[in-house]
Amino acid sequence: MLLLSREDIKSVVTMKDMIEADKTAFKMTVDGTVKTPLRTVIDGKYDGAFLFMPAYAPELDAAAMKVIDIFPHNVDNGKMTSPAQVMLIDGKDGYVIALLDGTYVTQLRTGASSGAAFDLLAKKECKKGAMIGTGGQAATQLEAMLAARKLDEVKIYDLNAERCQVFAEQMQKELADYGAKIIAAENSDACIEDADLIITVTPSAKPVFDGTKVKAGATISCVGTYEPHKHEMDPAILPRASKIICDSKEAALSETGDLLIPIKDGIISEKDILGSLGDVINGTIKGRENDDEIIVYETVGVAAQDLVAAKVIYDKALEAGKGMNWG
Numbered sequence: 004m005l006l007l008s009r010e011d012i013k014s015v016v017t018m019k020d021m022i023e024a025d026k027t028a029f030k031m032t033v034d035g036t037v038k039t040p041l042r043t044v045i046d047g048k049y050d051g052a053f054l055f056m057p058a059y060a061p062e063l064d065a066a067a068m069k070v071i072d073i074f075p076h077n078v079d080n081g082k083m084t085s086p087a088q089v090m091l092i093d094g095k096d097g098y099v100i101a102l103l104d105g106t107y108v109t110q111l112r113t114g115a116s117s118g119a120a121f122d123l124l125a126k127k128e129c130k131k132g133a134m135i136g137t138g139g140q141a142a143t144q145l146e147a148m149l150a151a152r153k154l155d156e157v158k159i160y161d162l163n164a165e166r167c168q169v170f171a172e173q174m175q176k177e178l179a180d181y182g183a184k185i186i187a188a189e190n191s192d193a194c195i196e197d198a199d200l201i202i203t204v205t206p207s208a209k210p211v212f213d214g215t216k217v218k219a220g221a222t223i224s225c226v227g228t229y230e231p232h233k234h235e236m237d238p239a240i241l242p243r244a245s246k247i248i249c250d251s252k253e254a255a256l257s258e259t260g261d262l263l264i265p266i267k268d269g270i271i272s273e274k275d276i277l278g279s280l281g282d283v284i285n286g287t288i289k290g291r292e293n294d295d296e297i298i299v300y301e302t303v304g305v306a307a308q309d310l311v312a313a314k315v316i317y318d319k320a321l322e323a324g325k326g327m328n329w330g
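In structure tokens, the structure reads:
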């Protein structure tokens with residue numbers, strides 16, 4: 004079994020590799036060539052949750068199981084909010100062939116989900132980005148935004164102003180090669196003002212931006228909400244959106260309050276949700292048709308992403324001779 008750390012993974016794959024891996028996973032999901040039962044969630048007593056996400060792809064001769072634990076308050080103690088591990092399993096004999104740093108795999112593939120959505124749905128010419136949230140998923144979300152479109156600047160907002168400033172300064176250094184100016188915004192309105200691309204990546208139970216202030220032509224990726232009683236997306240954006248697309252429509256309608264609450268309140272109906280990103284890849288539903296459309300992308304994550312990402316990482320690590328053999 005190959006043990007792959009964050010450093011090992013970072014040395015063998017790029018964000019663009021992960022964006023392409025996510026596209027493959029989304030296509031496989033709508034094509035029915037991967038088996039991905041809905042995740043099992045067990046609530047914990049410390050305002051946390053334990054999530055178990057299996058997947059099997061016969062055409063890859065591989066299966067995977069990710070165990071990821073969501074503890075939002077960890078950030079206050081200097082710990083990761085979503086520690087995880089991914090097991091990659093040989094589909095021919097059932098042996099576990101790799102154990103990967105699942106926290107980093109999750110960060111990569113979740114960021115890449117926004118990157119894939121922006122690559123497929125955003126205007127070709129985008130100059131300004133906005134991101135709300137600076138937790139454990141934020142850095143790769145920001146990188147994916149920058150990998151998908153050449154931006155001049157990205158504004159960042161978080162309720163913790165000090166943490167937001169530190170994050171912006173750190174990301175300016177780490178992502179300098181992308182050439183964008185990364186700025187800490189004073190409030191949510193200032194953050195999304197004139198933004199072509201918007202990401203929300205928070206555990207908030209209430210909207211984190213004003214949907215009436217999103218400009219025409221924007222593409223919004225809502226990442227943080229996976230529970231039915233929470234909605235970081237402002238429902239006011241939904242009647243303004245020409246298209247609502249999910250990573251997996253089935254999963255999103257089972258899990259996220261971003262859609263379930265507006266449906267319950269009669270703001271939208273299920274038929275307003277066009278489908279999954281894999282449908283756009285296959286051409287069965289249309290993506291962006293003009294530069295004035297507002298398009299909303301809702302991602303809750305599907306286990307196929309972890310499986311395809313783990314397989315890509317494993318193959319590249321074997322080729323590069325990275326990782327530690329155990330057992």
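Here the sequence shown is numbered in the numbering used here, starting from 4 and rising by one per residue. Don't be surprised by glycine CBs; every beta carbon is placed ideally from N, CA and C.
- Following the DSSP letters along the chain, one finds residue 156 inside the beta strand (DSSP E) bounded by residues 156–160.
- Beta bridge pairing from DSSP links residue 301 with 225 and 249.
- A residue is called buried when at least 16 other Cβ atoms come within 10 angstroms of its Cβ; residue 59 meets this threshold and is buried.
- Check the Cα spacing between residue 39 and each of 304, 314 and 207: the tightest is with 304.
- Ranked by how close their Cα comes to the Cα of residue 11, the residues 299, 280 and 104 have 104 in first place.
- Taking C-beta separations shorter than 8 angstroms and ignoring five residues to either side along the sequence, the partners of residue 36 in its chain run 60, 61 and 62, following chain order.
- Nearest Cα to residue 284 within the set 14, 23 and 9: 23.
- For residue 8, the three-state secondary structure derived from DSSP is coil.
- In the structure shown, residue 275 falls within a helical segment according to DSSP collapsed to helix, strand and coil.
- Rounded to the nearest whole angstrom, the CA to CA distance from residue 53 to residue 74 is 9 angstroms.
- Counting only the Cα atoms, residue 302 lies some 12 angstroms from residue 278.
- For residue 140, no beta strand (DSSP E) encloses it, and the DSSP letter there is neither H nor E.
- Taking 8 angstroms as the cut-off, the beta carbon of residue 314 is found closer than this to the beta carbon of residue 91.
- Comparing C-alpha distances from residue 291 to each of 276, 275, 220 and 230 shows the shortest one belongs to 220.
- Judged by beta-carbon spacing, residue 195 lies beyond the 8 angstroms limit of residue 202, meaning their Cβ atoms are not closer than that value.
- Excluding residues up to 5 positions away in sequence, 234 lie with their Cβ nearer than 6 angstroms to the Cβ of residue 264 in the same chain.
- For residue 266, no beta strand (DSSP E) run applies; the uninterrupted alpha helix (DSSP H) run containing it begins and ends at 260–267, by DSSP.
- With contacts defined by Cβ atoms closer than 8 angstroms, residue 84 and residue 139 form a contacting pair.
- With contacts defined as CB atoms closer than 8 angstroms, residue 226 and residue 204 qualify as a contacting pair.
- Bounds of any beta strand (DSSP E) do not take in residue 108; it lies within the alpha helix (DSSP H) bounded by 105–124.
- Closest in C-alpha terms to residue 16, from the list 111, 239, 56 and 31, comes 111.
- Contact check for residue 87 against residue 113 fails: the beta carbons are separated by 8 angstroms or more.
- At the C-beta level, residue 171 and residue 187 come within 8 angstroms of one another.
- The C-alpha of residue 102 lies about 12 angstroms from the C-alpha of residue 330.
- Between residue 150 and residue 289, the gap from beta carbon to beta carbon reaches 8 angstroms or more.
- Apart from the 5 residues on each side of it in sequence, residue 174 sits with its Cβ closer than 8 angstroms to the Cβ of 142, 145, 159 and 185 in its chain, given in chain order.
- The beta carbon of residue 320 is closer than 7 angstroms to those of 5, 7, 11, 15 and 326 in its chain, skipping five residues each way along the sequence.
- Within its own chain, the residues whose Cβ lies closer than 6 angstroms to the Cβ of residue 44, once the five positions on either side in sequence are excluded, are 52 and 54, listed in chain order.
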